[in-house]
Amino acid sequence: MVSPMEPEDAVAPGRAPAPAPYPAHWEADVLLRDGSTMRIRPILPSDADALQAFHEAQSEESTYFRFFAPLRTLPPKDLRRLVTVDHADRVALVMLSGDRIVAVGRYDRVDAGTAEVAFNVSDVHQGRGLGSVLLEHLAAAARERGIDRFVADTLPANARMIRVFSDAGYDVRQRYEDGVISLEFRIDPTQRSLDVVASREQRTDAASMRALLAPAGILVVAGTEEDGQANLAQRIAANLAARTDVTCVGSPLRAVAAEHGHPWLPDLDAAPTATLAYAATAPEAMLGLLPRLAAVGVRGVVVLGSGFDREGAPTQAELVAAAREGGLRIVGPRSYGLVLRPVDAGPDGAGPDGAVEGDAGRDDPVVATVNATLADPGPPPGPVALFSQSAALSAQLLAATAASGIGVATYVSAGHRADVSGNDLLQYASDLPDVRAVGMYLESLGNPRKFARVAGRVSSRVPVVAVVGASQREEGGLGRAALQEAMLAAGVLVAPTMPAMIDAVALLAATPLPRGSRVAVLGSSAALVGLAAGQLTGVDADPVLASYDARGGAPAVAAAVELLAAREWDVALVIHVDLLGERDPAILRELTGLTRTGRPVLAVVPGLHGWTPELAVTDVAAPAPPAEPLGTRQPVVPSYPSVEEAVAALTLALRYATWRRQDPGSLVEPEGVDLRRAREIVEETLREHPEGSDLASEPTREFLAALGITMLPSYRVHSTRQAVTLAREIGWPVAVRSIDPVLRRRDIGGVRLDITRPLELVDALRTVRLRQGGSGPVELQAMAPLGVACVVRGWDDAVVGPVVSFGLAGDATELLEDATYALPPLRSGDVHRLVRGIRAAPRLLSRLADRLESEPDLEPLEDVIARVAEAIEAIPQLRALELTPALATEEGILVLSARVSVAPQIRPDGGRRALRPAVR
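Here is the structure:
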């Protein structure tokens with residue numbers, strides 16, 4: 001274990017000290033096991049006093065475990081060394097509670113790829129998960145510095161430290177010698193370590209949100225009438241009339257508290273314990289209010305007002321920093337509120353007082369929620385979790401949801417999203433057994449990589465339907481269709497509009513998933529059925545069609561339903577249009593009888609939209625139920641005003657059902673990838689070009705070789721004599737192409753192939769030079785064997801983070817945009833879909849069969865895609881990696897041209913748990 005008694009100039013053998021600038025991107029706010037927050041940052045020389053205080057507060061046992069010796073006080077020389085690091089070969093991270101150090105993790109490099117690691121966690125905070133969080137952050141920092149292995153020495157009695165490493169999912173090797181256990185493990189992410197991080201992240205995020213969405217006590221705090229925000233707090237207090245644990249604070253709330261039976265206090269001095277607070281005060285008062293709320297146990301604050309970031313007011317970043325200083329989460333500013341669950345409705349289901357009878361035909365109880373938003377009335381209880389951002393859109397969303405009768409299990413309006421985001425809602429909702437679908441309106445994605453990862457995990461249980469704001473889409477390189485596919489690869493359905501999202505959620509939350517893709521259409525006229533069949537293009541080419549004569553009334557409908565129920569289909573669309581605009585309850589009741597087949601059914605009935613009492617499912621011939629919001633008190637057939645809207649929702653449901661049926665496979669881990677060497681090449685380029693650059697030809701070839709990808713050598717030639725000499729050396733025939741990537745196409749004269757003689761080469765050089773302006777070097781390359789030219793790309797997208805794509809070279813990709821997309825890390829199912837999912841896949845298979853004269857083997861292409869994905873995922877400084885083209889040949893994949901672009905790019909998520917930075 002690292003000892004403070006080592007010489008101050010001790011560094012890794014063969015390396016000179018390499019001080020690096022202070023790595024501000026290593027700073028992070030983190031959630032602990034109980035959902036509270038702390039801060040991690042690199043140690044500073046100014047931390048000497050705080051580190052000494054931390055050390056002296058430790059027990060004798062903890063000190064002995066850390067230093068292998070009793071050491072009540074750190075000597076000045078050792079203290080100075082412990083707080084002075086170079087952020088490269090010697091790294092130390094501290095965890096802070098307020099301004100107190102409560103944990104330290106550090107590593108010292110011992111050779112190029114190995115470092116010795118050590119931890120020391122405050123005795124007072126043992127068992128809260130500090131060590132595991134520190135390890136994640138220390139490993140992420142080490143990987144960034146080219147380290148891929150940790151070693152440590154510990155005493156046999158220090159079982160806690162051994163568990164920190166093994167419980168993190170690493171394959172830890174142990175060796176016992178001379179009373180000391182030596183540990184060694186690789187820190188490159190594995191399937192197990194990623195699963196551990198994801199599981200821990202979900203538990204901590206959910207614990208943090210549980211204090212807000214299933215609170216034990218609520219404070220509603222208003223400033224003064226002059227603040228102009230008291231009316232917001234008054235509405236919240238009124239809507240919370242059903243809760244008996246609400247306390248109103250502040251003079252503007254005295255009357256509303258009396259009206260609704262809430263206790264009232266003039267200030268917080270005598271406030272009871274609570275975990276949630278609503279605050280409607282002037283921004284200038286918020287920073288002083290937060291520590292007082294934390295003192296009475298508050299864990300989350302919903303900031304109703306706005307005005308932050310204006311001149312003279314605190315910024316949102318300052319608001320969040322002050323909140324996290326006290327272990328608080330912030331919802332807002334300008335939040336529209338929350339839909340709350342009972343305090344005992346935790347991850348194991350509804351508590352004894354939280355259940356509502358009836359649950360849309362499912363086994364899980366519906367939880368009695370409370371509307372704690374500014375909406376009046378709020379949505380009924382039900383199985384849908386919702387998220388939105390701005391107050392205006394939140395008002396629209398809740399109004400549309402309530403009008404559709406859709407029941408809500410929980411809801412967050414993040415407002416300006418300074419802290420709590422859609423990721424937090426997803427983590428919390430994934431714990432709730434009564435949630436059947438999640439709907440999200442995302443004006444922006446604060447941490448796109450985490451969103452894709454979390455939403456993908458949640459989608460494996462329940463559907464997630466998202467609307468991604470246009471401004472957010474424009475920031476990235478993905479168009480709508482590509483974004484939709486990339487998100488679907490992670491299990492997320494992208495709806496074009498808020499109404500389309502609500503329509504999809506209404507179907508997915510109310511009905512079982514289709515077992516296949518065959519659609520049945522039953523309508524009140526053959527013309528309507530034919531119209532619907534035309535709208536089903538792309539859903540199924542062979543729908544089952546049936547109609548009935550509405551003039552025959554309920555008996556005719558019952559007969560048609562019975563006949564259709566006996567046929568083979570997976571989901572049914574029923575269309576009933578009465579020419580006089582009447583809706584016969586008996587006919588509608590017979591139409592809902594199709595649900596007795598156990599298959600999903602949706603309807604188009606003019607005048608009905610969403611979950612309506614008229615289409616509630618019942619087996620009893622009785623009058624229609626009263627016209628009141630259904631929520632999920634009984635099963636229902638979701639209804640749509642038009643065929644187009646119904647088919648749009650059905651298309652998303654079928655897409656999700658197909659995704660759920662697919663085997664995602666295992667995490668793809670291609671053999672022979674030397675990430676250490678690849679990182680070294682990137683770092684060498686960034687040392688020469690700190691602002692970023694494309695790699696030169698030779699480093700590009702070396703980089704691909706480190707990934708296990710073969711590139712055919714190419715040579716930049718400046719003269720005809722040089723070109724002829726080189727061609728004779730490498731052997732005829734050769735190819736010539738422009739150095740301009742835009743001109744590297746045969747159809748525009750930028751590429752000449754199959755050059756077999758010097759005179760042909762002279763002519764080719766002249767032609768290509770003319771295409772690129774008449775002068776300058778060109779590239780010369782030996783002719784590649786026969787094959788199919790493909791394009792494999794990986795890049796860091798501004799919206800969704802790392803992306804990989806695949807397509808055929810030429811017009812199919814460049815003009816027709818025929819490419820497939822996925823978000824790393826990839827599973828075997830992803831790479832299989834990428835190659836076979838392009839529209840030109842039949843052409844690819846045919847050309848491979850013709851040119852290779854053998855059965856097409858797509859595994860080499862899948863392997864190259866996996867290697868590109870691993871690089872773009874594992875190397876944060878890798879901005880883009882393009883293989884244009886990658887030639888599929890009989891011998892394997894041969895890259896003819898490649899571009900590797902690097903930049904000092906810092907991602908918000910590097911395989912470690914962290915709250916995203918405060919949004920300004």
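Sequential numbering of the sequence shown, starting at 1, is according to full-length UniProt numbering.
Beta carbons: idealized from backbone N, C-alpha and C, even for Gly.
Euclidean distance between Cα positions of residue i and residue j
{"i": "Thr767", "j": "Gly807", "result": "29 angstroms"}
{"i": "Pro917", "j": "His137", "result": "15 angstroms"}
{"i": "Leu432", "j": "Leu573", "result": "30 angstroms"}
{"i": "Val464", "j": "Val492", "result": "5 angstroms"}
{"i": "Pro699", "j": "Phe67", "result": "44 angstroms"}
{"i": "Val180", "j": "Ser193", "result": "26 angstroms"}
{"i": "Val91", "j": "Leu135", "result": "12 angstroms"}
{"i": "Ser517", "j": "Ala657", "result": "9 angstroms"}
{"i": "Pro42", "j": "Ala141", "result": "10 angstroms"}
{"i": "Leu268", "j": "Ala403", "result": "38 angstroms"}
{"i": "Glu201", "j": "Arg109", "result": "28 angstroms"}
{"i": "Ala653", "j": "Leu896", "result": "42 angstroms"}
{"i": "Pro156", "j": "Arg243", "result": "53 angstroms"}
{"i": "Val30", "j": "Val303", "result": "21 angstroms"}
{"i": "Gln535", "j": "Val468", "result": "25 angstroms"}
{"i": "Gly598", "j": "Pro512", "result": "8 angstroms"}
{"i": "His87", "j": "Arg677", "result": "20 angstroms"}
{"i": "Ala888", "j": "Gly169", "result": "37 angstroms"}
{"i": "Leu861", "j": "Gly892", "result": "8 angstroms"}
{"i": "Gly605", "j": "Ser525", "result": "It is worth fixing the name first, because residue 605 is Val in this sequence and not Gly. Their backbone Cα atoms lie some 13 angstroms apart in a straight line."}
{"i": "Ala152", "j": "Glu691", "result": "36 angstroms"}
{"i": "Asp857", "j": "Val835", "result": "11 angstroms"}
{"i": "Pro333", "j": "Ala809", "result": "48 angstroms"}
Coil, strand or helix - residue i by DSSP
{"i": "Met487", "result": "helix"}
{"i": "Gly523", "result": "strand"}
{"i": "Phe68", "result": "coil"}
{"i": "Glu779", "result": "strand"}
{"i": "Glu702", "result": "helix"}
{"i": "Ile739", "result": "coil"}
{"i": "Cys406", "result": "Cys is not the amino acid found at residue 406; the sequence shown has Ile there. The answer is strand: DSSP assigns Ile406 an E or B state."}
{"i": "Pro383", "result": "strand"}
{"i": "Asp818", "result": "coil"}
{"i": "Pro885", "result": "strand"}
{"i": "Ala28", "result": "strand"}
{"i": "Asp694", "result": "strand"}
{"i": "Arg716", "result": "strand"}
{"i": "Gly787", "result": "strand"}
{"i": "Ile603", "result": "Here residue 603 turns out to be Ala, not Ile, going by the sequence shown. The answer is strand: DSSP assigns Ala603 an E or B state."}
Contacting residues, own chain, Cβ-Cβ under 8 angstroms from residue i (five flanking each side not counted)
{"i": "Asp123", "result": "Ala57, Gln58, Ser59, Ser62"}
{"i": "Gly731", "result": "Ala782"}
{"i": "Arg655", "result": "Leu488, Leu493"}
{"i": "His609", "result": "Ala403, Ser404, Ser639, Tyr640, Pro641"}
{"i": "Asp188", "result": "Arg143, Asp148, Leu675, Ala874"}
{"i": "Glu680", "result": "Gly146"}
Supposed contact pair residue j and residue i - C-beta distance, whole angstroms, cut 8 angstroms
{"i": "Ala586", "j": "Leu564", "result": "Actually they are not in contact, since the Cβ atoms of Ala586 and Leu564 sit about 18 angstroms apart, beyond 8 angstroms."}
{"i": "Leu276", "j": "Val298", "result": "7 angstroms"}
{"i": "Gln191", "j": "Ser666", "result": "7 angstroms"}
{"i": "Ser132", "j": "Val94", "result": "Their Cβ separation, rounded to whole angstroms, is 16 angstroms, which puts Ser132 and Val94 out of contact at 8 angstroms."}
6 angstroms CB neighbourhood of residue i in its chain, flanking five on each side removed
{"i": "Met161", "result": "Thr154"}
{"i": "Asp503", "result": "Glu645, Ala649"}
{"i": "Ala139", "result": "Ile187"}
Residues near residue i by beta carbon distance below 7 angstroms, same chain, minus five either side
{"i": "His260", "result": "Ala237, Ala238, Ala241"}
{"i": "Val900", "result": "Asp694, Leu695, Thr700, Phe703, Leu881"}
{"i": "Pro45", "result": "Val83, Thr84"}
4 or more residues per run - each alpha helix (DSSP H) lying fully within the region 312-339: You should have 316-325.
message: I'd like the ranges of any beta strand (DSSP E) spanning at least 3 consecutive residues and lying wholly in the region 645-676.
response: Runs of the beta strand (DSSP E) inside the region 645-676: none found.
- request: Go through the UniProt domain "N-acetyltransferase" (38-188) residue by residue and report every complete run of the alpha helix (DSSP H) that reaches 4 residues or more, in order.
  value: List check, alpha helix (DSSP H) in window: 48-57, 60-67, 76-83, 130-144, 159-167.
message: In chain order, what are the residue ranges of uninterrupted beta strand (DSSP E) at least 3 long that sit wholly in the region 258-298?
response: Listed in chain order, the complete beta strand (DSSP E) runs (minimum 3 residues) inside the region 258-298 are 276-280.
message: My parser needs the alpha helix (DSSP H) runs of 4 or more residues fully inside the region 400-473; what are they?
response: Runs found: 422-429, 448-459.
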